Structure formats: structure tokens, C-alpha cells
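Chains as they are written, first to last, in the working numbering: chain S, 44 to 447; chain U, 34 to 165.
Working notes for the structure below.
Below, the structure is given as C-alpha cells:
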């Protein structure tokens with residue numbers, strides 16, 4: 044990939060920036076293990092337990108399960124000598140192989156090794172486990188292991204042009220999925236399909252558009268219909284074999300992937316006939332999303348935005364149906380939970396007073412649920428904070444259509 | 034042929050002759066690499082290593098070394114008795130690696146692609162009639 048490519052990311056530059064921060068923080072060697080760190084540094088999908096060892100200078104080395112190492116090397120900007128496999132063999136198990144390399148970078152085996160040892164409510168986060176921490180400590184007796192994950196988190200917060208363009212492309216792929224779903228369900232077509240089939244229709248269209256994966260760990264393309272749209276909190280709806288029915292809501296939450304950039308967009312429908320009450324709920328939701336998108340800009344914080352939105356919900360009489368949070372974090376694959384850095388009152392959760400800056404990205408995520416009436420809606424869309432507002436990555440028009 | 038002592042100069046000469054005569058560069062995939070097999074706790078208490086160097090599929094160096102050992106792309110180390118068992122076909126080399134009795138250093142992905150080649154020349158070495 045050349046520097047003229049719209050999706051170009053300066054990965055060697057990222058490594059150098061990490062090395063500069065390591066020097067400032069007194070870290071001799073960085074041992075990354077989180078999925079978000081591996082994506083951000085390698086440009087390759089690392090689904091198996093993997094590590095990246097970043098020396099004070101020079102190229103990093105990735106370790107992954109040996110059966111996948113050649114594929115990771117093929118996809119990464121790193122060469123085959125810097126993507127190594129580990130396996131349950133003498134000298135090749137992950138603790139031995141990784142610690143042997145770290146030792147080679149430490150003077151007399153002594154120094155500070157930065158590790159990733161936090162917490163997340165995102166299961167595949169990839170923090171070092173207690174066992175790994177103890178095993179690396181034993182294998183590196185002269186080293187001091189310190190939690191250094193903030194280095195990656197602060198560097199990856201502001202997105203570069205290549206990353207933003209990958210998200211734009213992934214957003215358009217999600218749009219292709221939505222167009223295919225809309226076409227399939229129109230004119231009573233919905234009655235032929237189950238939630239899983241809707242997920243598949245979208246997946247095919249997105250793959251045809253070049254998407255490599257329905258990435259979300261929460262169930263790929265999340266499709267919910269009927270009462271399932273209104274489950275309290277309801278922000279996770281892997282599709283079931285439930286058949287779509289007339290008179291019910293339909294929630295279509297699609298996830299596309301382009302070069303580790305993530306598409307994430309939810310669109311909602313009412314399958315005809317729709318009642319006046321359903322239309323009232325729908326209008327509440329669409330108006331709220333429009334207001335929210337109009338509010339995101341540099342300088343605002345999650346808590347001030349939530350306050351504004353909840354005032355609107357209260358005025359319109361639907362606050363009781365709202366989850367009072369309007370976003371989650373997003374970055375290259377594996378970075379899909381916390382906004383910003385780990386600097387809030389609750390460790391490893393979003394800081395409600397985080398101040399958004401230009402070129403940060405997040406998922407505008409809004410959940411509306413009325414379980415008593417078996418109705419709910421979700422909005423998700425990756426957004427870029429711009430100079431004076433925000434840019435949505437998915438362009439599928441905001442609406443809740445009644446599908447005849 | 035009189036029995037020769039494992040890892041002795043005579044054994045090394047025999048190994049070199051057999052490897053060069055029985056393995057063509059094609060069979061060695063025209064490989065350029067180096068490998069060090071480190072035997073710890075030899076019968077005389079010393080550690081020794083068998084060093085192989087290949088250039089374009091031709092063995093250019095097969096020699097017994099004592100510490101300090103030369104650098105090599107791949108290093109396999111283990112107890113002398115473990116290697117002796119492998120040579121006597123009492124223990125499989127993969128089993129020795131998987132159980133941790135042998136330790137491999139080097140790029141595992143490359144090592145996997147070379148496993149069949151190593152098997153080929155290990156088979157030839159195991160056919161040398163020797164005493165341990």
C-alpha cells in the first residue's frame with residue numbers, strides 16, 4: 044500500500060510513537076496482548092491469543108498461535124521474521140518464546156516491561172491473565188512488569204485519515220446490507236423470513252460489497268423482531284429463528300469490516316400495520332437520534348450530552364423508555380467499548396467527563412425499549428467528531444419506515 | 034563396519050558422507066539455513082553441539098562443537114540421553130518436543146515448513162550403527 048492510498052496507515056510511525064511514549068514512561072519493552080493493540084499495531088486480524096513485543100527501537104515482533112502465524116504475517120505490514128508462531132513444544136510455548144525475546148532487549152535481564160493488565164466488559168479484550176502475569180514474572184526475574192496500556196489508548200484515541208477512510212468504507216458496506224434487507228422485506232416480503240435469514244441477507248450484500256466479517260462479538264448482524272426489540276437494556280440481540288410478523292417492530296443492526304475498520308449501523312422498521320402508539324414511539328426515537336447527531340461536537344462530554352438528551356426525552360414524555368447513555372467507543376477491531384482513556388471515576392469504564400476532540404470516533408448508540416408494549420428501537424452509527432459537529436459513517440437515511 | 038561412538042569424529046565423518054551422498058539439493062528444497070543440536074549432559078559430563086550448515090541444499094558444514102557454540106537459525110537442545118533414545122527409535126522427535134524434553138529456538142513457522150527435511154536427514158543419521 045502506498046502513501047497515496049486512501050486507506051494507508053503509517054504503522055512504522057505508530058510503532059515509533061509508542062517507542063517515544065515508552066521512553067517517556069520509563070518502559071523498556073512493551074508487551075501488548077489486547078486485540079485492539081494488535082489491530083492498531085499490526086494491521087492484521089489476530090483471533091488467537093497473540094502478543095506484540097515492542098523493543099525500545101526497531102521493529103516489533105508478533106507472536107500468535109503457530110497455525111495462524113503465516114496468515115497474520117501475510118496480512119500484516121510486518122515481515123515473516125517479525126511474526127512468529129508459538130506452540131506447545133519445548134522452547135516454543137508462548138511464555139518461553141515471548142520472554143526469551145524480551146530478555147534479548149533487556150540489559151542483563153533487568154528493566155521495566157509494560158504489560159496490558161486492565162479490565163473490560165468486552166470479553167475478547169485480551170488483557171494479560173493472572174496466570175500469564177505470574178508466568179512472565181517468573182520467566183523474567185530481573186524485570187518489573189507494570190501496567191502500561193494507557194500508552195496505546197492515548198495514542199489511538201485521535202484517528203488518522205487512513206483509519207477514518209476505512210470506517211467510511213465499512214459504513215458504506217453496512218449501507219449495502221441495509222438496502223438488501225429493505226428490498227427483501229418490502230411488499231410483504233418480510234413474512235418469508237426469520238431473524239437469522241435477515242442477518243444472512245445483509246451479510247451476503249455486505250460481503251458482495253467487500254466486507255470481510257460481520258465483526259460484532261455480540262452476535263454478528265444483530266436482528267430482533269417483536270418483543271425482542273423491547274427487551275430492557277436490549278443492546279445485544281443476536282438473531283434467532285423467530286419469524287417476522289405483521290404489526291411488529293424490526294431492528295436491523297449490521298456490522299461490516301473493512302481492513303479492521305468497523306461498520307456499525309442500526310436501522311428500524313415497523314412491519315405493517317402500525318398502530319398510532321407504535322408511530323408515536325417511532326417519532327420519539329427518530330427525533331431523539333436527529334437531536335443527538337446534531338449535538339455531537341468537540342468540547343461536549345458524554346455526561347453533558349446525556350443530560351441534554353434526557354431533558355428532551357422528559358419533555359416529550361418518553362424518558363422512562365431510555366437507557367441514559369448515548370455512545371460507546373470504537374477503533375480498529377477489538378476497540379469497541381470504552382470512550383477515550385482509562386481516566387474516569389470507575390476504572391476501565393468511560394469517563395463521563397471525557398471531552399470530545401476533533402477526529403475522535405465513537406459509535407452514537409441509543410437504545411429505546413418499552414417492554415410492556417413489546418416495542419423498542421436501537422440506533423448505532425460510527426461517527427467522526429469534526430471541527431464543528433460530526434460525520435456519520437453510514438449514510439442510510441434516518442427514519443423508521445412502515446413496511447407494507 | 035565396526036561400531037562407532039555416537040558424536041565421535043568418526044560418527045561425524047560417517048554422518049557427513051551419508052547426508053551428502055543420500056540427500057540431493059532438490060530433496061533438501063535448495064535450503065540455505067543453519068541448525069545447532071545441543072546435547073547437554075554427554076557421558077563425559079560436557080555439553081556438545083552438532084552444527085549443520087546448508088547452502089542451496091548442500092551441506093557445507095557438519096561438525097561437532099563445544100562451547101561457546103556458534104549461532105544458528107534453529108537451535109534444538111536437550112539431554113544427551115533424549116537424543117540417544119530418538120536415534121535408537123525409542124522416542125519420537127515430535128513427542129520429545131511436545132513433552133518439552135527437547136527445546137526448539139527459532140522461527141516456529143519456518144521450522145514447520147522444514148520438518149519433513151529434518152525428518153529426512155534424521156532418518157539417515159539414525160541408520161548409522163553406533164554405540165551411545
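Note that CB positions come from ideal geometry on N, CA and C, so glycine has one too.
It should be emphasised that the depicted structure is a prediction, and the values quoted were computed from it without experimental measurement.
Buried or exposed by the 16-neighbour rule on C-beta atoms within 10 Å, applied to residue i
{"i": "residue 284/S", "result": "exposed"}
{"i": "residue 389/S", "result": "exposed"}
{"i": "residue 152/U", "result": "exposed"}
{"i": "residue 50/U", "result": "exposed"}
{"i": "residue 173/S", "result": "exposed"}
{"i": "residue 410/S", "result": "buried"}
{"i": "residue 299/S", "result": "buried"}
{"i": "residue 177/S", "result": "exposed"}
{"i": "residue 70/U", "result": "buried"}
{"i": "residue 400/S", "result": "exposed"}
{"i": "residue 215/S", "result": "buried"}
{"i": "residue 128/U", "result": "exposed"}
{"i": "residue 320/S", "result": "exposed"}
{"i": "residue 165/U", "result": "exposed"}
{"i": "residue 403/S", "result": "buried"}
{"i": "residue 249/S", "result": "buried"}
{"i": "residue 275/S", "result": "exposed"}
{"i": "residue 208/S", "result": "buried"}
{"i": "residue 350/S", "result": "exposed"}
{"i": "residue 55/U", "result": "exposed"}
{"i": "residue 219/S", "result": "buried"}
{"i": "residue 68/U", "result": "buried"}
Three-way DSSP call (helix, strand, coil) for residue i in this model
{"i": "residue 85/S", "result": "helix"}
{"i": "residue 206/S", "result": "helix"}
{"i": "residue 398/S", "result": "coil"}
{"i": "residue 69/U", "result": "strand"}
{"i": "residue 107/S", "result": "strand"}
{"i": "residue 209/U", "result": "As displayed, chain U neither begins before 34 nor continues past 165, which places residue 209/U out of reach and without an answer."}
{"i": "residue 148/U", "result": "helix"}
{"i": "residue 190/S", "result": "strand"}
{"i": "residue 92/U", "result": "strand"}
{"i": "residue 216/S", "result": "helix"}
{"i": "residue 343/S", "result": "coil"}
{"i": "residue 412/S", "result": "strand"}
{"i": "residue 286/S", "result": "strand"}
{"i": "residue 365/S", "result": "strand"}
{"i": "residue 237/S", "result": "strand"}
{"i": "residue 150/S", "result": "strand"}
Supposed close pair residue i, residue j - CB separation, criterion 8 Å
{"i": "residue 72/U", "j": "residue 116/U", "result": "6 Å"}
{"i": "residue 155/S", "j": "residue 187/S", "result": "5 Å"}
{"i": "residue 193/S", "j": "residue 384/S", "result": "6 Å"}
{"i": "residue 242/S", "j": "residue 266/S", "result": "5 Å"}
{"i": "residue 376/S", "j": "residue 305/S", "result": "6 Å"}
{"i": "residue 134/S", "j": "residue 137/U", "result": "5 Å"}
{"i": "residue 308/S", "j": "residue 217/S", "result": "4 Å"}
{"i": "residue 83/S", "j": "residue 199/S", "result": "5 Å"}
{"i": "residue 75/S", "j": "residue 195/S", "result": "7 Å"}
{"i": "residue 53/S", "j": "residue 303/S", "result": "Actually they are not in contact, since the Cβ atoms of residue 53/S and residue 303/S sit about 15 Å apart, beyond 8 Å."}
{"i": "residue 71/S", "j": "residue 99/S", "result": "6 Å"}
{"i": "residue 313/S", "j": "residue 325/S", "result": "6 Å"}
{"i": "residue 95/S", "j": "residue 105/S", "result": "5 Å"}
{"i": "residue 331/S", "j": "residue 355/S", "result": "6 Å"}
{"i": "residue 397/S", "j": "residue 345/S", "result": "6 Å"}
Partner residues on chain S for residue i, Cβ-Cβ distance less than 8 Å
{"i": "residue 142/U", "result": "109, 112, 113, 116, 123, 126, 127, 128"}
{"i": "residue 134/U", "result": "133"}
Within chain S, partners of residue i - CB distance below 7 Å
{"i": "residue 131/U", "result": "131, 132"}
{"i": "residue 83/U", "result": "The premise fails here: residue 83/U is roughly 17 Å from chain S at the closest Cβ pair, so nothing lies under 7 Å."}
{"i": "residue 145/U", "result": "109"}
According to DSSP, residues forming a beta bridge with residue i
{"i": "residue 407/S", "result": "370/S, 424/S"}
{"i": "residue 136/U", "result": "110/U"}
{"i": "residue 310/S", "result": "295/S"}
{"i": "residue 300/S", "result": "305/S"}
{"i": "residue 82/U", "result": "71/U, 98/U"}
{"i": "residue 66/S", "result": "According to DSSP, residue 66/S bridges with nothing at all."}
{"i": "residue 266/S", "result": "295/S"}
{"i": "residue 444/S", "result": "312/S"}
{"i": "residue 382/S", "result": "According to DSSP, which records beta bridges pairwise, residue 382/S is partnered with nothing at all."}
{"i": "residue 126/S", "result": "105/S"}
{"i": "residue 201/S", "result": "403/S"}
{"i": "residue 157/S", "result": "73/S, 189/S"}
{"i": "residue 354/S", "result": "For residue 354/S, which the question treats as bridged, DSSP gives no partner whatsoever."}
{"i": "residue 163/U", "result": "37/U"}
Contact set between residue i and chain U, taken where Cβ atoms lie within less than 7 Å
{"i": "residue 135/S", "result": "137, 141"}
Below-9 Å beta-carbon distance, residue i vs any chain B residue
{"i": "residue 110/U", "result": "Considering every chain present, this structure includes no chain B. Its protein chains are S and U."}
Near the ligand COA: residue i beta-carbon under 8 Å from a heavy atom
{"i": "residue 372/S", "result": "Absent from the structure shown: the ligand COA. Ligands present: none."}
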